[in-house]
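Written out below as C-alpha cells is the structure these notes cover.
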Amino acid sequence: MKTRFFVRVRSVAQGEWLALLLVIVVGAIGLSLWQARFASSYNVYVLLRSVSVMIIVGLAQMVVLAVGELNLSVGTLGGFIAVILGMMLEVWHLPLPLAILFALAIGALAGFINGLLIAMSGINGFIITLATASAFTGLSLGLTQSIPFYQLPASLTNFGQQAFGPLPYTLFITIVVALLLAGFLGKTVLGRHLLATGGNRVAAALSGISLKRSLIWVHTLSGLLVAVAAIIGTAQLGSAQPTIGDDWVLTSFAVPIIGGTTLLGGSVSVIGTFLAALVIALMNNGLILIKADPYWVQFLLGVLILASVGLGQVRASWNIWRQKRGGEGRKRYV
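With this note's numbering, letter number 28 in the sequence shown gets 28, and the count goes up by one each step, no holes.
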C-alpha cells in the first residue's frame, strides 16, 4: 500500500505539467500579495470566465496537432458559427436547444470538409485551412455585413454571465468537454489510433490505420470543439459577432504547445492544455492589474511559445537518446 502510494506520487512528480501547476500556484500567491484585488471573488470569476473559452480553443488545435497537422481556420470558423447561431436565434427564431445542435453540427461539418480536402488532395493542411479560413471570413461578413446579432435569448446570455460563487457556469462545460476528450484519446481505440498516426505514420499505416481517416477525424473533432467555444463565447458576450475568434489562432497554438503537446504529433496533454490556459489567463490578468502595457501580453506569449518549443526539442532529443540506450521512449499521454 505504502509502495503504491510512493509510486503514484513519483508518477505525478514526473508529469510534464507539474511545472505549469507550480507556475500557477506561485503566480497566484505573488499576484495576491502584489495586488489584493487579485484574490477577490469577482477577479477570480473574470479570470476563469476567459479560461472557459481559451481551453476549448486550445483543445481544438491540440487534436489536430496530435497527428502532426495544424488548423489555421480555428478563429474564423468560430466567428462563422457564432454568426450562424445568432441568425438561427434572431432571424429564424429557432428554439435555443435546436439552434445549439445545428451550430455543433455545422462546426463538425466544416471540420469534416477541412479534413476531407486535406486527405483527398494531399495538400498540406496549412494551405487548406488557410484557404478555408478566408472562406469562413467571407461567409461571416457576407451574412452579417459586419453587424452582430444582439437579440439573443436571455437563457443563453444569462448562462454566459452566471456563476456558482467565483466559478462561472461556462467553466463546468469546459471541464466536461476536457474530460470527455481525455477519455476519448486515452481509452478508445480510435483515440489511440489517432495518437499512433501522429507518433509514426509509417508504422501506423503498416498496422492498418488509415492516415486519411485519421485526418478527417481530427479535423471533424476540431470543428466540433470550435463550435463549443463559439457557443460559449457568444453566451459570454451576449451577442453573436463575426469577430469573436479574431485572436483565437495564436491562442489555439500557444495553449497546447505550452501545455506539452508536440508539434510532431503523437503526444498530447489535455491536463497540460488546461493548465497552460490558466497560466496565460493568469499572465493576462496580472498585467491588467498592475496596469502594464497590454502589448506585453503578446510579447510574453511569444516567448512562452518559443521556450516551450525549445523544451520540446530538448525532450525529444532526450527520448531518442534513451531509446538508443534501450530505455523508455516518448510517452503518449492525455
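Cβ coordinates follow ideal geometry from the N, Cα and C atoms, glycine included.
- Query: By DSSP, does M167 sit in helix, in strand, or in coil?
  - Reply: The displayed chain sequence assigns Leu, not Met, to residue 167. Strand, per DSSP.
- What distance in whole Å lies between the Cβ atoms of A60 and V226, which are believed to be in contact at a cut-off of 8 Å? 5 Å
- Could you work out which residue in L143, A82 and I280 is closest to F253 when comparing CA atoms only? I280
- With a CB to CB cut of under 8 Å and the five nearest residues on each side skipped, what residues in its chain are close to F159? Y169, T170 and A235
- Query: Helix, strand or coil: how does DSSP classify V91 here?
  - Reply: In this structure, DSSP gives V91 a state outside helix and strand, which the three-state scheme calls coil.
- Residue environment, G138, which counts as buried when at least 16 other CB atoms sit within 10 Å: exposed
- According to DSSP, residues forming a beta bridge with F126: Residue pairing of F126 in beta bridges, as defined by DSSP: absent, with no partner found.
- Item | Buried or exposed (CB count within 10 angstroms, at least 16 for buried), W17 | buried
- Burial state of H193 (16 or more Cβ within 10 Å): Buried: at least 16 other Cβ atoms inside 10 Å.
- Task: Name the residue from W318, L311 and P256 whose alpha carbon lies nearest to the alpha carbon of G58.
- Result: When each option's Cα is compared against that of G58, the closest is P256.
- Message: Alpha carbons only, please: which of L143, L301 and G115 is nearest the one belonging to M87?
- Response: Distance check between M87 and each of L143, L301 and G115 places L143 closest, using alpha-carbon atoms only.
- Task: Starting from the Cα of S214, find the closest Cα among R49, L47, W34 and F112 and give me that residue.
- Result: F112
- Task: Using only alpha-carbon positions, find the residue among A19, L20, S40 and L22 that is nearest to N285.
- Result: The shortest C-alpha separation from N285 is found at S40.
- Message: Please tell me whether N43 and R37 are closer than 7 Å, where the distance is taken between their beta carbons.
- Response: yes
- Query: Going straight from the alpha carbon of D293 to that of F299, what length do you get?
  - Reply: 11 Å
- Which residue or residues does DSSP assign as beta-bridge partners of V74? The partner list for V74 (beta bridge, DSSP) is empty, contrary to what the question assumes.
- Message: Comparing C-alpha positions only, which one of G27, G310, G186 and L275 sits nearest to L264?
- Response: L264 has its Cα closest to that of G310, out of G27, G310, G186 and L275.
- Message: Just list the residues that DSSP pairs F149 with in beta bridges.
- Response: A240
- Message: Once DSSP output is grouped into helix, strand and coil, what is the label at V57?
- Response: helix
- Query: Per DSSP, V25 forms a beta bridge with which residues?
  - Reply: Answer by DSSP bridge pairing: none, since V25 is not bridged.
- Do you know how far the Cα of T197 is from the Cα of T262? Each residue's Cα considered, the two are about 13 Å apart.
- Helix, strand or coil for R8 per DSSP? Residue confidence is low: R8 scores 40 on pLDDT, short of 50, so the model does not pin down where it sits. Its coordinate-derived value is still stated next. The answer is helix: DSSP assigns R8 an H, G or I state.
- Message: In whole angstroms, give me the CA-to-CA distance for T220 and V74.
- Response: 12 Å
- Tell me which same chain residues have a C-beta within less than 7 Å of the C-beta of G191, skipping the five on either side of it? F184 and L185
- Query: Along the chain, where does the alpha helix (DSSP H) that runs through V270 open and close?
  - Reply: V270 to L289
- Task: Could you tell me whether the region 114–131 touches the region 84–102, using the rule of 3 or more Cβ pairs below 8 Å?
- Result: no
- Message: Measuring straight from C-alpha to C-alpha, what distance separates V64 and I290?
- Response: About 36 Å.
- Rounded separation between L22 and L304 - CA only: 15 Å
- Tell me which same chain residues have a C-beta within less than 8 Å of the C-beta of S155, skipping the five on either side of it? L96
- Query: If you count every other CB in all the chains shown that lies within 10 Å of the CB of G233, and 16 or more means buried, which is it?
  - Reply: buried
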